[in-house]
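Reviewing the structure listed below.
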Amino acid sequence: MTPALEMRRLTKSFGGLVVTNNVSLSLAPGERHALIGPNGAGKTTLVNLLTGVLAPSSGEILLHGEHITEKRPYLRARLGLARTFQVNQLFPLLTPLEAVVMAILQRRGIATRWWSGLTRDRAVLDEAWALLERLGLGDCRHEPTRELPYGRQRLLEIALALALQPRVLLLDEPAAGVSETEGRDLFTTLAALPPEVTVLLIDHDMDLVFRFAERITVLVGGAVLVQGPPQQIAADPRVREVYLGAESHG
Amino acid sequence: MIVEAKSAAPPTEDERRLRAPWRSVEIAFWVLAAAAYLLLPHQLPLLAQAAIGGLFALSVDLLLGIAGVMSLGHAAFFGIGGYVAGLLAQSGWGEPLSGLVAAGLVAGGCGFLSSFLVLRGSDLTRLMVTLGISLLVMEAANRMTWLTGGSDGLQGIDVWPIFGVWEFDLYGRTAYVYALGVLFACFLLVRRVVHSPFGLTLRGIKGNPRRMSALGTPVGRRLVGVYTLAAALAGIAGALLTQTTQFVSLDVFGFDKSSEALLAVVLGGAGTLYGAIVGALMLMELETLLARITPEYWQFWIGIAFMAQALYARGGILGFTVRLWTRLRRGVAAPSRTAP
Ligand SMILES: Nc1ncnc2c1ncn2[C@@H]1O[C@H](COP(=O)(O)OP(=O)(O)OP(=O)(O)O)[C@@H](O)[C@H]1O
Ligand SMILES: [Mg+2]
Numbered sequence: 186m187t188p189a190l191e192m193r194r195l196t197k198s199f200g201g202l203v204v205t206n207n208v209s210l211s212l213a214p215g216e217r218h219a220l221i222g223p224n225g226a227g228k229t230t231l232v233n234l235l236t237g238v239l240a241p242s243s244g245e246i247l248l249h250g251e252h253i254t255e256k257r258p259y260l261r262a263r264l265g266l267a268r269t270f271q272v273n274q275l276f277p278l279l280t281p282l283e284a285v286v287m288a289i290l291q292r293r294g295i296a297t298r299w300w301s302g303l304t305r306d307r308a309v310l311d312e313a314w315a316l317l318e319r320l321g322l323g324d325c326r327h328e329p330t331r332e333l334p335y336g337r338q339r340l341l342e343i344a345l346a347l348a349l350q351p352r353v354l355l356l357d358e359p360a361a362g363v364s365e366t367e368g369r370d371l372f373t374t375l376a377a378l379p380p381e382v383t384v385l386l387i388d389h390d391m392d393l394v395f396r397f398a399e400r401i402t403v404l405v406g407g408a409v410l411v412q413g414p415p416q417q418i419a420a421d422p423r424v425r426e427v428y429l430g431a432e433s434h435g
Numbered sequence: 250m251i252v253e254a255k256s257a258a259p260p261t262e263d264e265r266r267l268r269a270p271w272r273s274v275e276i277a278f279w280v281l282a283a284a285a286y287l288l289l290p291h292q293l294p295l296l297a298q299a300a301i302g303g304l305f306a307l308s309v310d311l312l313l314g315i316a317g318v319m320s321l322g323h324a325a326f327f328g329i330g331g332y333v334a335g336l337l338a339q340s341g342w343g344e345p346l347s348g349l350v351a352a353g354l355v356a357g358g359c360g361f362l363s364s365f366l367v368l369r370g371s372d373l374t375r376l377m378v379t380l381g382i383s384l385l386v387m388e389a390a391n392r393m394t395w396l397t398g399g400s401d402g403l404q405g406i407d408v409w410p411i412f413g414v415w416e417f418d419l420y421g422r423t424a425y426v427y428a429l430g431v432l433f434a435c436f437l438l439v440r441r442v443v444h445s446p447f448g449l450t451l452r453g454i455k456g457n458p459r460r461m462s463a464l465g466t467p468v469g470r471r472l473v474g475v476y477t478l479a480a481a482l483a484g485i486a487g488a489l490l491t492q493t494t495q496f497v498s499l500d501v502f503g504f505d506k507s508s509e510a511l512l513a514v515v516l517g518g519a520g521t522l523y524g525a526i527v528g529a530l531m532l533m534e535l536e537t538l539l540a541r542i543t544p545e546y547w548q549f550w551i552g553i554a555f556m557a558q559a560l561y562a563r564g565g566i567l568g569f570t571v572r573l574w575t576r577l578r579r580g581v582a583a584p585s586r587t588a589p
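Next up, the structure:
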């Protein structure tokens, strides 16, 4: 079967610093994959390469068998590749409702309409409402984003990615900085995603990662250290050494 | 059960907010503007100028306040529109409405072409490039004396009556009605655009261009669109000035023009549309007032007023008024809310 997302010998260096080192990784459709590694391992950089924010120094990226290495970020999003950001990338002055409606309009390909109002398609409103409710943002959907508490903003970060109905979803530490309860709710939402959605999850919370993922890749110093099912990763002495060492001061 | 109740269709509140219906203050604003024709008969030439300045500022607000694109050279399009209307009228076609359309098309075309230069790079680069382009255009107009009349300006502009009926008169009556009518029509268009899917995308780009491209929006292309529209509107404003004053000179390209419109937008409240119009009017009144009191230092006092506004009335005059109004209302409403 064609992988949903495939990286072939992906390398990125900033000057002399190699941040992504010959990474080859392949995600099957519907796979729940986790990417872990100590701070500075190059996880976010990998997401930036996949989404086209950064251009790789060498290597290739394929989405559902299609070469996207050269494609601009907005085209990759249109092909069904969505992401969330480790540091919130939201719209401070827009309300959650406006932001989500905007993402839905974009996905439906009607964001260039300048002659009609925002409410012409009832289906867009219904969809926005359902999504915001699903993420528990229904009651604050009319407040400007910048006035929302951090936990809510974090949820909106995910809502925006889900509004694209992605086929491949890259989550860069979605639970970073949210409370334990919020984190649990968040993972309930993620676990309830349609099974055909391929998910690459980056997180430092080992409990969550091991419960969520079918396969785990450990990235250290920009290179893949080891890859395998959760039990194997948990038992691997190299992982313990590298990762648990980093976690104790992270 | 609760889950089911929650997944019901969105309340009409969502629809109302996204639709942005006309508010009574907005209607009052336009009624008042129309009433000025009767209430201030001696001010009409000045008010016509204010309406033109308001339209130009509105085009800058669309660019800066809505899409977040900074420009120091928007007067280039104002000037191009002014000269297109002037040249048409001079060469024997003085029909005003088609003159406006021609000016809008040419200015919009120039906006479209230059947008590819302007929209690269950061805010600072944009400031420099827009300023550079406007200086180039002005210098080109200055050199092409055979076409533009050089520093003497364009002479012999004969504008026909509007619809072949209403002649431009010395008291500025026709000029005011004409300028206000065009301002209103353009305002309707801009308001429509701002509250459309395209307009929401522009506000998104202003807020976070990076996220917009992650959502699948070709940010550059959207900005080309809004830059073109803003240039066309500026061109129409320039044409209005030529037609109502029957004259056009190189001043229309000036850096003063660009900076005044920016000032009007910021003074009135960026991104509010009305702020641009109110700001242009206030700036004009302020200038005439200060010029009368201290003919030499009026620009100094404008600078002071501007700084005071930046320090104490962020969000512009409109933002300040809205805050004051909500505070007053909250003060009145608070006791009643505690009642069971
Ligand atoms: N634009 C850049 N220029 C130079 N170095 C960079 C750049 N971006 C990232 N780096 C470096 O690349 C390395 C990997 O960074 P990255 O953010 O990908 O790590 P990470 O695994 O996401 O870490 P964290 O767990 O803290 O989020 C770091 O050492 C960082 O300093
Ligand atoms: Mg990171």
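The listed protein sequences derive, respectively, from chains A and B.
For the first sequence, our numbering gives the first residue as 186, with consecutive numbering after it.
For the second sequence, our numbering gives the first residue as 250, with consecutive numbering after it.
Just so you know, even glycine gets a beta-carbon here, dropped at the ideal spot from N, CA and C.
Near ligand 2, meaning a beta-carbon closer than 7 Å to one of its heavy atoms, we find Lys228(A), Thr229(A), Gln271(A), Asp357(A), Glu358(A), Ile387(A). Think of a sphere of 9 Å around the beta carbon of Thr450(B): the chain A residues whose beta carbon falls inside it are Met287, Leu290, Gln291, Ala296, Thr297, in chain order.
Unbroken beta strand (DSSP E) runs of no fewer than 3 residues, entirely contained in the region 217-271 of chain A, are found at 217-221, 243-248, 266-269, following chain order. Under the DSSP assignment, Ala510(B) falls in the alpha helix (DSSP H) whose first and last residues are 504-517.
Thr196(A): member of the beta strand (DSSP E) spanning 190-199, first to last residue. Of all alpha-carbon atoms in Val318(B), Val355(B), Leu321(B), Met319(B), the one lying nearest the alpha-carbon of Leu336(B) is that of Val355(B). Secondary structure at Ala408(A): strand, using DSSP grouped into helix, strand and coil. Using a Cβ-Cβ cut-off of 7 Å, Glu275(B) is close to nothing in chain A; its nearest Cβ partner there is about 16 Å away.
With contact defined as three or more Cβ pairs closer than 8 Å, the region 414-425 of chain B and the region 215-222 of chain A are not in contact.
The Cβ atoms of Thr236(A) and Arg257(A) do not sit closer than 8 Å to each other.
Sequence-ordered contacts of the region 332-343 of chain A with chain B are nonexistent [C-beta pairs closer than 8 Å].
Interface criterion not met: the Cβ of Asp310(B) is under 8 Å from no Cβ in chain A. Residue nearest to Ala283(B) within the set Phe417(B), Asn391(B), Gly430(B) is Gly430(B) (criterion: CA-CA distance).
In this structure, Leu303(A) lies away from Leu451(B), with their beta-carbon atoms at least 8 Å apart. The bridge partners DSSP lists for Val203(A) are Ser198(A).
Around the beta carbon of Glu332(A), fewer than 16 other beta carbons lie within 10 angstroms, which makes this residue exposed. One Cα belongs to Glu367(A), the other to Leu341(A), and the distance between them is close to 12 Å. Under the criterion of beta carbons closer than 8 Å, Leu368(B) and Gly469(B) qualify as touching, at roughly 6 Å. With distances taken between CA atoms, Arg400(A) lies nearest to Leu210(A) out of Leu210(A), Leu322(A), Thr187(A). The beta carbons of Ala540(B) and Trp547(B) sit closer together than 8 Å. Secondary structure of Arg422(B) (DSSP, three-state): helix.
For Thr477(B), the enclosing alpha helix (DSSP H) stretches over residues 468-494. Assigned with DSSP and collapsed to three states, Ser371(B) falls in coil, not helix or strand.
Listed along chain A, the residues sitting closer than 7 Å to Glu264(B) by beta-carbon distance are Thr304, Leu310. Between Val405(A) and Val427(A), the CB-CB gap stays under 8 Å. Against chain B, the beta carbon of Arg268(A) has neighbours under 7 Å at Ala463, listed in chain order.
Within 9 Å of the CB of Arg441(B), the CB atoms of chain A belong to Trp299, Trp300, Ser301, Gly302, in sequence order along the chain. Between the region 229-245 of chain A and the region 285-305 of chain A there are fewer than three C-beta pairs closer than 8 Å, too few to call the two in contact.
Within the DSSP bridge table, the entry for Ile411(B) names Trp415(B) as partners.
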